[in-house]
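Structure first, then comments.
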Amino acid sequence: MHPTQVLFLGKQQPVSLPVCDHYAGAEKLMRKSVALQQELGPVFDITLDCEDGASAGNEAAHAQLVAAVIAGADNRFERIGARVHDSGSAFFEQDVEIICKGAARRLAYLMLPKAESLAEVSAAIALIEHHSSQAGRQALPVHVLIETHGALADVFAIAALPQVQSLSFGIMDFVSAHYGAIPSAAMRSPAQFSHPLVTRAKLEIAAACHAHGKVPSHNVTTDIKDSASAAADAGRAAGEFGYTRMWSIHPQQIRPILNAFTPPQSEIAAAAQILLAARQADWGPIQHEGTLHDRASYRYYWSVLQRAKNNGVALPENAITLL
Numbered sequence: 001m002h003p004t005q006v007l008f009l010g011k012q013q014p015v016s017l018p019v020c021d022h023y024a025g026a027e028k029l030m031r032k033s034v035a036l037q038q039e040l041g042p043v044f045d046i047t048l049d050c051e052d053g054a055s056a057g058n059e060a061a062h063a064q065l066v067a068a069v070i071a072g073a074d075n076r077f078e079r080i081g082a083r084v085h086d087s088g089s090a091f092f093e094q095d096v097e098i099i100c101k102g103a104a105r106r107l108a109y110l111m112l113p114k115a116e117s118l119a120e121v122s123a124a125i126a127l128i129e130h131h132s133s134q135a136g137r138q139a140l141p142v143h144v145l146i147e148t149h150g151a152l153a154d155v156f157a158i159a160a161l162p163q164v165q166s167l168s169f170g171i172m173d174f175v176s177a178h179y180g181a182i183p184s185a186a187m188r189s190p191a192q193f194s195h196p197l198v199t200r201a202k203l204e205i206a207a208a209c210h211a212h213g214k215v216p217s218h219n220v221t222t223d224i225k226d227s228a229s230a231a232a233d234a235g236r237a238a239g240e241f242g243y244t245r246m247w248s249i250h251p252q253q254i255r256p257i258l259n260a261f262t263p264p265q266s267e268i269a270a271a272a273q274i275l276l277a278a279r280q281a282d283w284g285p286i287q288h289e290g291t292l293h294d295r296a297s298y299r300y301y302w303s304v305l306q307r308a309k310n311n312g313v314a315l316p317e318n319a320i321t322l323l
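For the sequence shown, counting from 1, position 254 maps to 254 in full-length UniProt numbering; every step adds exactly one.
Below, the structure written as structure tokens:
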């Protein structure tokens, strides 16, 4: 039996996505991002931005540009999504209709910003499903930005929605929603990892995602001149807060994020050895270097190999069949 048939018996296999979500709003930056994805491979997603990252006053033309880039020949891996306006905006349905009509079949996902509640997310998904199905695409994946008090209150229910693949933390809007009660320093490191209200939000989002097999995506690092800042933030997000994906807003942040979320070679090698031995034992308990392992630890080590594969790491040849 394939490992997933054994390790996730009776359960939905957790969503697996590239660990970096790179944002681009201007046409020049969009096309540069696509070129970089062609160079590195599908190890990071691209989100083309119709909302905060795009200029105002040209919304329809911008959505058409986004659709054209996604539908174009340069989208080799079909790992390009789009962030639309929030569902309360006059431009929300226009974005969805234009992008779905022009690129639904090749669209990786749509990102919903500024949601206020489960009801709002559900209604937005219904509208997305209407337009995507008309364009020949069923069950288009949706990613949701958690950046309001209401969305955080409903975060477990939002994560449970079948169409939702990933939840992202919108730290700047979240801090701003406290009207000065959280200092602006908490929008960045080190305070973003120590202020109780901010860390509570991050942990709730991560916990909700893992409870429902979805992907928690960490907020941006606004310091775009020092790639070490993105690397440090990614390391803490992964190691201390349980995040398995992170936003990038500058090309120089992509590789540090990939590196931070890639398991060390020693752990990859151990994972391969343990799972290969487990398969030999028909997925019963085994001993590896004096430690007992069973299906509980097998699920962990399977996820190690899955993350390594997503990040473009060359796996031992005999371990590839495990994924």
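Glycine included, each C-beta is placed from N, C-alpha and C at the ideal position.
Exercise. What does a CB cutoff of less than 6 Å around Glu59 pick up in its chain, not counting 5 residues either side in sequence?
Worked result: Your numbering for residue 59 matches position 59 in the sequence shown. The residues are Phe91.
Exercise. In terms of DSSP beta bridges, what is Ile46 paired with?
Worked result: Walking along the sequence shown from the start, residue 46 turns up at place 46. In the DSSP assignment, Ile46 forms a beta bridge with His22 and Ile80.
Exercise. Which one of Gln163, Ala160 and Leu118 has the shortest CA to CA distance from His149?
Worked result: For the purposes of this step, residue 149 is identified with residue 149 of the sequence shown, where counting begins at 1. Measuring from the Cα of His149, the nearest candidate turns out to be Leu118.
Problem set entry | Three-pair Cβ contact test at 8 Å for the region 70-90 versus the region 101-116 | As far as the Cβ criterion goes, the region 70-90 touches the region 101-116, which means the pair count is three or higher.
Exercise. For the alpha helix (DSSP H) that contains Trp302, what are its first and last residues?
Worked result: Taking the sequence shown and counting its residues from 1, one reaches residue 302 at position 302. Run containing Trp302: Arg295 to Asn310, per the alpha helix (DSSP H) assignment.
Exercise. Just the Cα atoms here: how many angstroms apart are Gly312 and Pro18?
Worked result: Here residue 312 corresponds to residue number 312 of the sequence shown, with the count starting at 1. Here residue 18 corresponds to residue number 18 of the sequence shown, with the count starting at 1. Answer to the nearest angstrom: the Cα atoms are 10 Å apart.
Exercise. Can the beta-carbon of Phe241 be found closer than 8 Å to that of Leu203?
Worked result: In the sequence shown, residue 241 corresponds to position 241, counting from 1. In the sequence shown, residue 203 corresponds to position 203, counting from 1. Note that the C-beta distance between Phe241 and Leu203 is below 8 Å.
For this session: Assign Lys114 to one of two classes, buried (16 or more other C-beta atoms within 10 Å of its C-beta) or exposed (fewer than that).
Result: Residue numbering aside, residue 114 sits at position 114 when the sequence shown is read from its first letter. So Lys114 ends up on the buried side.
Problem set entry | Backbone secondary structure at residue 325 - three-state DSSP | A query on residue 325 cannot be resolved here, the shown segment of the chain reaching from 1 to 323 and no further.
For this session: Within the same chain, show all residues whose beta-carbon is closer than 7 Å to that of Pro263, passing over the 5 residues directly before and after it, in chain order.
Result: The residue given as residue 263 occupies position 263 in the sequence shown. Cβ within range, chain order: Val304, Arg307 and Ala308.
For this session: Between the Cα of Ala185 and those of Ile146, Gln163, Thr222 and Asp154, spot the shortest distance and give me the residue it belongs to.
Result: Sequence index remark: in the sequence shown, residue 185 carries index 185 (1-based). Nearest to Ala185 by alpha-carbon distance, out of Ile146, Gln163, Thr222 and Asp154, is Thr222.
For this session: Report the residue from Gly136, Phe169, Ser33 and Ser133 whose alpha carbon sits nearest the alpha carbon of Thr199.
Result: Locating residue 199 in the sequence shown gives position 199, where the first residue counts as 1. Nearest to Thr199 by alpha-carbon distance, out of Gly136, Phe169, Ser33 and Ser133, is Phe169.
Exercise. Taking Cβ to Cβ, would you say Pro216 is nearer than 8 Å to Ile224?
Worked result: Stepping through the sequence shown from its first residue, residue 216 is reached at position 216. Stepping through the sequence shown from its first residue, residue 224 is reached at position 224. Contact flag unset, no.
Exercise. Under the rule that 16 or more other beta-carbon atoms within 10 Å means buried, what is Pro256, buried or exposed?
Worked result: In the sequence shown, residue 256 corresponds to position 256, counting from 1. When all chains shown are included, Pro256 counts as buried.
Exercise. Secondary structure at Thr291, three-state DSSP: helix, strand or coil?
Worked result: For the purposes of this step, residue 291 is identified with residue 291 of the sequence shown, where counting begins at 1. Assigned with DSSP and collapsed to three states, Thr291 falls in strand.
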